[in-house]
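Numbers given in our numbering equal positions in the sequence shown, counted from 1, plus 238.
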Amino acid sequence: MVCLVTTLKNEAKTVGRFMQSVVAQSMLPSQFIIVDGGSTDGTIDILKYYASKYKWIKLLVRPGANVSEGRNAAIRLSKDKVIAVTDAGCILDKDWLKNISSPVCNRNCDVSYGASVPVYNNCFEYAQALFYTKSVKRNFLKIPSSRNICFRKEVWDTVGGYPEATLAAEDTKFNIEVERRGYSFEFVKDAIVYWEMRPTVSALWKQFFKYGRGDAIQRTFFYVRGVKLFLFGLASYIIVGVLLLFLSSLDVLLLWLSFPFILLVLIGAYFSILTKKLCLLYYFPIASVVRLFAYFSGFLRGLVYPKE
239 MVCLVTTLKN
249 EAKTVGRFMQ
259 SVVAQSMLPS
269 QFIIVDGGST
279 DGTIDILKYY
289 ASKYKWIKLL
299 VRPGANVSEG
309 RNAAIRLSKD
319 KVIAVTDAGC
329 ILDKDWLKNI
339 SSPVCNRNCD
349 VSYGASVPVY
359 NNCFEYAQAL
369 FYTKSVKRNF
379 LKIPSSRNIC
389 FRKEVWDTVG
399 GYPEATLAAE
409 DTKFNIEVER
419 RGYSFEFVKD
429 AIVYWEMRPT
439 VSALWKQFFK
449 YGRGDAIQRT
459 FFYVRGVKLF
469 LFGLASYIIV
479 GVLLLFLSSL
489 DVLLLWLSFP
499 FILLVLIGAY
509 FSILTKKLCL
519 LYYFPIASVV
529 RLFAYFSGFL
539 RGLVYPKE
């Protein structure tokens, strides 16, 4: 039997769609434990309705609890040996729970994780989705997200649960600790959750600022493949820039300094032609720059003020 766990706060606009995708699963969980961090927008009323209608749904309200605290509280209450975790900001494919839990329940697997498919409603969100499309198909990042993961409860217990000292990157730290202990991972391409992109620049900034700050606090940045590749590229770019400063003309140096922005525009133009969406010429560079500066702003904040 499988226990499903999620945490949320102030998700009234989307939680109904999420809950409908849970109750419509082809294989239902034996328990579904939801931890609300103190919603004030009507989310709790919606959850109470589902909890009263379906006896296997249990709602805990823990005002002030962060994501890790909520997940840990829910998992402690679980009576099952297999735990599936997702986020309330997602929509689950109808066979998600069956597919994500199969390797753990039926094979000698400790942790299974699936694909998060981006969902978009406008061109800005579509520009964000382009960052994830290849990763979904190829499992490029090789880092499970706790919006789409399943594991044995003993695995969670062995590593001490999710780290509660940070508001973000808790799943990365959890995965690292699990891997260090030699537990097995399996990617399940058919275990799909649909993940909504951020609708505004400010929402995207907040998302990646939290990612960066969490990675800095947890010291997990060197374990994330995408971050390692970026840091290598950034170091190479700076080294070449310093060499050009001393060995080349000012024009060549200025061209090199502008190269990243030219590259973003060219990539945006490529996607515009490929998808026939002219708006990507504008929105792809914006989304790229916001993600980059937000992440490293949060990263620096986490290094300087790790306990704030």
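Beta carbons are placed, not taken as given, at the ideal position from N, Cα and C, and that holds for glycine.
4 or more residues per run - each alpha helix (DSSP H) lying fully within the segment 256-326: 281-291 and 305-315
| said: Could you give the first and the last residue of the continuous beta strand (DSSP E) run that contains valine 349? | reply: 349-357
Exercise for the section: Can you tell me the Cβ-Cβ gap for alanine 525 and phenylalanine 362, rounded? I've got them flagged as a contact below 8 angstroms. Expected result: 7 angstroms
Would valine 349 and valine 320 qualify as a contact pair, given that the criterion is a beta-carbon distance under 8 angstroms?
In terms of Cβ geometry, valine 349 and valine 320 do not form a close pair [threshold 8 angstroms].
Proximal residues to alanine 429 (C-beta, below 6 angstroms), its chain only, five neighbours per side dropped: Trp334, Asn337, Ile338 and Gly352
Query raised in the report: Do valine 273 and alanine 322 have their C-beta atoms within less than 8 angstroms of each other?
Result: Taking 8 angstroms as the Cβ cut-off, valine 273 and alanine 322 do not qualify as a contacting pair.
Please specify which runs of the alpha helix (DSSP H), each continuous and at least 4 residues long, are wholly inside the segment 364-447, giving them in chain order. Fully enclosed alpha helix (DSSP H) runs of 4 or longer: 391-396 and 408-418.
Item to complete: State the CB to CB distance for the pair arginine 451 and phenylalanine 369, rounded to an integer number of angstroms; the pair is presumed to be in contact (CB under 8 angstroms).
Response: Wrong, their Cβ atoms sit about 19 angstroms apart, outside the cutoff.
Which of helix, strand or coil does DSSP assign to leucine 516?
-> Per DSSP, reduced to three states, the secondary structure at leucine 516 is coil, with no helix or strand assignment.
Are the Cβ atoms of arginine 539 and phenylalanine 446 separated by less than 8 angstroms?
no
Would you kindly check if the distance between the Cβ of serine 316 and the Cβ of lysine 391 is under 8 angstroms?
-> yes
(message) Whole angstroms are fine: how far does the CA of leucine 483 sit from the CA of asparagine 386?
(response) 47 angstroms
Cβ neighbour criterion (16 or more within 10 Å) applied to arginine 376
Note that arginine 376 scores a pLDDT of 48, beneath 50, so its modelled location is shaky; the value from the coordinates is reported in the next line. Its Cβ having fewer than 16 others within 10 Å, arginine 376 is exposed.
Nearest CA to the CA of leucine 502: which residue from Tyr521, Tyr364 and Ser474? Minimum Cα distance to leucine 502 is reached at Tyr521.
State the Cα-Cα distance for the pair tryptophan 394 and tyrosine 432, rounded to the nearest angstrom. 25 angstroms
>> Please report the distance separating the alpha-carbon of asparagine 304 from that of threonine 278.
In response: 15 angstroms
*Member of Gly506, Ser264, Thr252 and Ser474 whose CA lies at the smallest distance from the CA of glycine 280*: Thr252
Verify whether the separation of the beta carbon atoms of leucine 516 and alanine 365 is less than 8 angstroms.
no
Exercise. When the distance is taken between beta carbons, is isoleucine 455 closer than 8 angstroms to proline 382?
Worked result: No, Cβ-Cβ distance for proline 382 and isoleucine 455 is not below 8 angstroms.
(message) Please classify asparagine 413 as buried or exposed, where buried requires at least 16 neighbouring CB atoms within 10 angstroms.
(response) buried
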